[in-house]
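To keep things clear, I will list the structure first and then write my remarks on it.
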Amino acid sequence: MPELPEVEVIARGLNATLPGRTVVSVDHVDLTRLSEPAETLLPKVTGRKIRRVYRRAKVLLVEMNDDLTLVFHLKMTGRVVHGPRREPEKHDRIFLRLDDDSLLSFADVRKFGFVKGMTADELKAWSFLAKCGPEPLETSPEVLADRLRRRKSAVKGVLLNQSVVVGVGNIYADESLFRAGIHPETRADMVSQKRAVFLFSELQAVLKQAIAENGSSIRDYVNADGDAGAFQNNFNVYGKVNEQCAQCQTTLKSVKVSGRTSTFCPKCQTKR
DNA sequence: CCAAGCACCTGACGGC
DNA sequence: TGCCGTCAGGTGCTTG
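The first sequence maps to residues 265 to 536 in the working numbering.
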């Protein structure tokens with residue numbers, strides 16, 4: 265579900281309320297396929313104090329005292345919400361009960377997501393993060409353009425490739441390609457340096473705007489307070505196949521690129 | 001090394 | 001109503 269803006273909004277929200285809180289107990293609601301075994305996770309977390317919450321790529325990291333970081337990946341439908349105590353519901357996976365009687369919950373309809381406890385050394389050695397490329401908001405468009413243009417496959421697929429640049433998923437790939445006027449099937453190495461730089465400056469703009477609007481809620485995404493985002497109201501192409509382009513009224517089309525549906529304007533987005 | 005395709009899982013929606 | 005196919009914000013594994 266969440267791409268960079270959504271995970272960033274969740275991390276900022278949690279970082280505003282969680283630091284200083286201590287985990288009083290952990291309810292193992294349902295860890296099926298979701299985590300390291302409860303018998304190793306639960307003792308590690310109980311009694312720890314939360315220091316800070318941050319994001320790297322699409323991963324949410326809750327740093328605690330005594331060399332433990334809780335690592336969440338939300339994949340398509342994961343939710344991490346901090347709120348009042350409540351009863352477990354159908355898709356809840358794990359409950360962390362905090363010392364102010366609040367609740368940090370992880371829910372996940374499709375069960376693709378996970379949570380693990382890692383030491384700093386384990387985090388550093390974690391292959392997922394080791395393979396990740398640079399952060400798009402902390403890297404110049406020129407550097408990102410150079411990385412993209414070394415690839416021969418479709419530009420859409422390259423944007424989704426987390427070893428090239430992290431944090432971009434199907435929504436923000438389609439939206440940034442539209443804003444840059446680039447057809448999703450264009451070979452990455454055939455995009456001029458100038459256009460590739462423009463693509464990443466548009467990507468940065470769209471990511472920042474999405475963060476400012478609390479992320480995009482299609483189905484499942486909510487922020488750390490359980491509230492939906494608003495950036496879906498600003499989509500130009502994502503999920504809008506057969507609608508009219510807001511710029512030129514041409515009917516938007518969709519194609520499969522790298523196995524993902526890609527919606528684009530056949531007039532505004534060109535291959536060169 | 002790279003790229004494509006399927007797998008993981010549940011739910012929502014459209015067609016018949 | 002219900003059954004069936006298709007699709008969904010991500011990533012990992014296998015294959016070529």
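Ideal placement from N, C-alpha and C gives every residue a C-beta, glycine not left out.
Which partner residues of residue 382 appear in the DSSP bridge assignment?
333
Pair within 8 Å by beta-carbon distance, residue 287 and residue 493
no
Let me know the secondary structure DSSP gives residue 326 once reduced to three states.
strand
Are at least three pairs of beta-carbons, each pair with one atom in the stretch 415-428 and one in the stretch 278-285, less than 8 Å apart?
no
Along the chain, where does the alpha helix (DSSP H) that runs through residue 474 open and close?
457-476
For a test of the three-state rule: what should DSSP assign to residue 318, helix, strand or coil?
strand
What are the start and end residues of the beta strand (DSSP E) that includes residue 525?
524-528
Which residue marks the beginning of the alpha helix (DSSP H) containing residue 442, and which one marks its end?
434-444
Let me know the secondary structure DSSP gives residue 277 once reduced to three states.
helix
Could you check how far apart the C-beta atoms of residue 439 and residue 502 are, in whole angstroms? I think they sit under 8 Å.
6 Å
Less than 8 Å between the CB atoms is what I'm expecting for residue 291 and residue 312, so what's the real figure, rounded?
Residue 291 to residue 312, Cβ: 16 Å. No contact.
Give a yes or no on contact between the stretch 509-517 and the stretch 422-429, applying the rule of three or more CB pairs nearer than 8 Å.
no
Mapping the DSSP letters down to three states, classify residue 371 as helix, strand or coil.
strand
DSSP-derived helix/strand/coil call for residue 359
strand
Quick check: residue 432 and residue 324, are their CB atoms within less than 8 Å of each other?
no
Distance between residue 473 and residue 444 (C-alpha atoms, nearest Å)
16 Å
At the level of alpha carbons, what is the spacing between residue 477 and residue 491?
12 Å
For residue 448 and residue 526, believed in contact at Cβ under 8 Å, the rounded distance
4 Å
Since residue 337 and residue 377 are thought to touch, with beta carbons under 8 Å apart, how far apart are those beta carbons, to the nearest angstrom?
5 Å
Please name the residue in 457, 508 and 360 whose C-alpha comes closest to that of residue 328.
360
Status (buried if at least 16 other CB within 10 Å, exposed otherwise) for residue 409
buried
Have a look at residue 340 and residue 482 and give me their C-alpha separation to the nearest angstrom.
11 Å
Can you tell me whether DSSP reads residue 299 as helix, strand or coil?
strand
Within 10 angstroms of the Cβ of residue 389, are there 16 or more other Cβ atoms? Answer buried if so, exposed if not.
exposed
Separation of residue 528 from residue 508, as counted between CA atoms
10 Å
Start and end residues, alpha helix (DSSP H) containing residue 414
It is not in any alpha helix (DSSP H) - residue 414 carries neither H nor E in the DSSP assignment.
Since residue 289 sits in a beta bridge, which residues does DSSP pair it with?
361
Assign residue 504 to buried or exposed, taking buried as 16 or more other Cβ atoms, counted over all protein chains shown, within 10 Å of its Cβ.
buried
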